[in-house]
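The number in my numbering is simply the position in the sequence shown, starting from 1, with 404 added.
Think of the CB as a built atom: it goes at the ideal place given N, C-alpha and C, for glycine as much as any other residue.
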Amino acid sequence: MAVSADLAKQLDKAYENLTVAEVLDAPVAALSGVSEGDAEKLAAAFGIKTVRDLGTNKYFRLAAALTELDAAAK
Numbered sequence: 405m406a407v408s409a410d411l412a413k414q415l416d417k418a419y420e421n422l423t424v425a426e427v428l429d430a431p432v433a434a435l436s437g438v439s440e441g442d443a444e445k446l447a448a449a450f451g452i453k454t455v456r457d458l459g460t461n462k463y464f465r466l467a468a469a470l471t472e473l474d475a476a477a478k
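The following block contains the structure:
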């Protein structure tokens, strides 16, 4: 199944033209709105250094699943 997405508004300029795999391996600060300071806090608190780490973190995945369950119940 082919999926396309315009990530330009979701990523910092330096990361806009990378492949999905390259973005996943990029630092979390590649995400628009995540500062270097935020990235340092995520690394210290959860060991999150890359976008992939953030997306696969068990706490963030659980929180996302719970919000999806809540939305589906409404």
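C-alpha gap between residue i and residue j, whole angstroms
i: Ala418; j: Gly459; result: 20 Å
i: Leu428; j: Arg456; result: 5 Å
i: Glu420; j: Asp410; result: 9 Å
i: Pro431; j: Ala425; result: 12 Å
i: Phe450; j: Glu444; result: 10 Å
i: Arg465; j: Asp474; result: 14 Å
i: Lys478; j: Glu472; result: 10 Å
i: Gly437; j: Lys413; result: 10 Å
In DSSP terms, what residue i is bridged to
i: Thr454; result: Pro431
i: Leu415; result: Leu435
Nearest-angstrom beta carbon gap, residue j and residue i [assumed within contact, 8 Å]
i: Leu446; j: Leu415; result: The Cβ separation is near 17 Å, so there is no contact.
i: Ala433; j: Ser439; result: 7 Å
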